[in-house]
Structures are given as structure tokens and as C-alpha cells.
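Visitor:
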Amino acid sequence: MMLLPNLIARFLATASLLAPKLTSRLAKPVLRLDCNDEFHLAIFSDLHYGEEEDGWGITQDVNSTRVMNNILDYEVPDFVILMRPLVERGLKWASTYGNHDSQYNLSRHALFDEESKNSVSYTQHASKTLGITNYYLPLYPSLSRSDCESPVAILWFFDSQGGAPFQADADSEEIPDWVTPDIVSWFVAERKVLAEKWGPLPSLAFVHIPPTAFLTV
Ligand SMILES: *[C@@H]1O[C@H](CO)[C@@H](O)[C@H](O)[C@H]1NC(C)=O
Ligand SMILES: *[C@@H]1O[C@H](CO)[C@@H](O)[C@H](O)[C@H]1NC(C)=O
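All letters in the sequence shown, in the order written, are residues 1367 to 1583 by our numbering.
(1) Which residues in the same chain have their Cβ closer than 6 angstroms to the Cβ of alanine 1571, if we skip the five residues on either side of it in sequence?
(2) Would you decide whether leucine 1567 is buried or exposed? Buried here means 16 or more other CB atoms lie within 10 Å of its CB.
(3) Give the DSSP bridge partners of alanine 1571, in chain order.
(4) Is the segment 1425-1438 touching the segment 1397-1414 in the sense that three or more CB pairs, one from each, lie closer than 8 angstroms?
(5) Check whether the Cβ atoms of leucine 1623 and valine 1518 sit closer than 8 angstroms, and answer yes or no.
(6) In this structure, what does DSSP give as the bridge partners for tryptophan 1459?
(7) So, is proline 1371 buried or exposed, given that buried needs 16 or more other C-beta atoms within 10 angstroms?
(8) If you measure from the CB of glutamine 1426, is any heavy atom of ligand 1 nearer than 7 angstroms?
(9) With respect to the beta strand (DSSP E) encompassing leucine 1407, which residues constitute its N-terminal and C-terminal limits?
(10) Label proline 1576 either buried or exposed according to how many other C-beta atoms from any shown protein chain fall within 10 Å of its C-beta, with 16 as the threshold for buried.
(11) Which residues are close to ligand 2, meaning CB closer than 5 angstroms to any heavy atom, in chain order?
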């Protein structure tokens, strides 16, 4: 669990502004810097909710929720990134999935459908990719800026997959537990489209487990 320092918000705020108008793909307000040109992100990862239902898991979950609530009270972020879905408070949030989000009795698709019903969830699903939660969210300047229709940064989300296939036979193939090359190809292609539209933009990427290369270098 960690909070991004203000430094990143300031970096985003001072990023160069280029490029033409765009239309949001989201049917909800776009993400914007605040009137101080800052954007505060809180990131919660590996929450491990729902373990040991008959034992220590209950207290662990209560403790996790208490810690998160304390952090959210104290930091008051503009946006929350979850490496595991959580719904509350009315704060805008987005998630990306990893190895804890697919099990015999847990469907990633059902999880995504459930998240999509939440009006403050920004979690997206870019089709034609292997995982569910591979997508990006543009971040815009404050409305007080004259150039407020051009994004200042892109938030990328990569699905590192993993876990067990939903309701599958015991001998079925395992799901890769990392960001696969086809997801990387999707990213490279999308980034090119974005660069052509808006010019080069700074980015932040969120992923539960990085590509396998991280394990071997
Ligand atoms: C929950 O928090 C309490 C108080 O800090 C602590 O004593 C307890 O060990 C925690 N329980 C678990 C399962 O982490
Ligand atoms: C899936 O859920 C069913 C019904 O609650 C339960 O009987 C079964 O043990 C669960 N399977 C796994 C692998 O958790």
C-alpha cells in the first residue's frame, strides 16, 4: 500500500500541453487536475479480501478496511487505484486485475460486470486483448485552464492475469500470471494512436505483476 508523492502530481501538472481536441470514451466526467494543477492518487494493492472466512480472515478484512479509510480520510485523494475492486465513499476509482481476481468460484468477467455498474468506477475493458482490464484514462487540466480539452497525461492499466480459470476442469491450462506479449502489442499500437492525436504525453502505468522479464533480469 502506498501513496504517490505530490512530486508526481506536480510533474503531471507541468507536463507539456500539445495537440488537438478529443472526445472522452467514458460516459462520466473526465479526470482533471485540481485548481492547483495537482492530481492526488492513492494506490491500494494486494488487499487479499475474503481469505479464511471462518478464521482470521474476518479480522484481517476489517483491519484492511480501517487502514484504507484512515488513509483516505487523511490524504483525500482525487482518484483511487485498486489492484482489487472495492466500492465505497463515492471517490472516483479504477482497478486492474491480477492473480487474485480469477478462481474456480470467481469470474473475472463477472467481477468486471459488477464494477461497471458502479457510477464512480473508471475501470475499462479494451476488447481484443487477452486480459480484461487493459485500458487507459487520459488526465485533463483543470477547467480553469484555457487549454482544458487537451490531456496532460495518460494513466495506463495492465491486467497481469493469473489465478485459476473460472469453473474449469482441474487439468485445464493455467492462465499466464503476467502481462503477455499481445497486451504489450496492444499498448504499443494504442500509444502510437495517442501520440499521433495528442503528441507525446507523460504516463503512469499500474499493474499488479510486471512482465516475466522482471523475474529473469
Ligand atoms: C487486526 O488489528 C488488531 C489491532 O491492530 C491486531 O491486534 C490484530 O492482530 C489484527 N488482526 C489481523 C488478523 O491482522
Ligand atoms: C465453489 O463453491 C462451491 C459452492 O459454495 C463450493 O462447494 C466449492 O468448494 C467451491 N470450490 C472451490 C474450488 O473453492
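Don't be surprised by glycine CBs; every beta carbon is placed ideally from N, CA and C.
Please read all numbers here as calculations on a predicted model, not as lab measurements.
Guide: Working from what's here:
(1) Numbered from 1 along the sequence shown, position 205 holds the residue referred to as residue 1571. By the criterion of a C-beta distance shorter than 6 angstroms, alanine 1571 is surrounded in its chain by Trp1522, once the five residues flanking it on both sides are discounted.
(2) Taking the first residue of the sequence shown as position 1, residue 1567 is located at position 201. Buried is the call here.
(3) Within the sequence shown, numbered from 1, the residue matching residue 1571 stands at position 205. Bridge partners of alanine 1571 according to DSSP: Trp1522.
(4) The answer is yes - the segment 1425-1438 touches the segment 1397-1414, with three or more Cβ pairs under 8 angstroms.
(5) Lying outside 1367 to 1583, the shown extent of the chain, residue 1623 is not represented and no answer is given.
(6) On the sequence shown, residue 1459 is found 93 positions in, with the first residue counted as 1. DSSP output for tryptophan 1459 lists Val1446 and Ser1487 as bridge partner(s).
(7) If you number the sequence shown from 1, residue 1371 lands on position 5. In this prediction, proline 1371 has a pLDDT of 39, which is less than 50 and means its spatial position is unreliable; nothing more can be read from the coordinates.
(8) By 1-based counting over the sequence shown, the position of residue 1426 is 60. Yes; taking the cut-off as 7 angstroms, the Cβ of glutamine 1426 has a heavy atom of ligand 1 nearer than that.
(9) In the sequence shown, residue 1407 corresponds to position 41, counting from 1. Where leucine 1407 is concerned, the enclosing beta strand (DSSP E) stretches over 1407-1410.
(10) Taking the first residue of the sequence shown as 1, we reach residue 1576 at position 210. Residue environment analysis places proline 1576 among the exposed positions, since fewer than 16 neighbouring C-beta atoms fall within 10 angstroms of its C-beta.
(11) Close to ligand 2, as judged by a C-beta nearer than 5 angstroms to any of its heavy atoms, are the residues Tyr1470 and Asn1471, in chain order.
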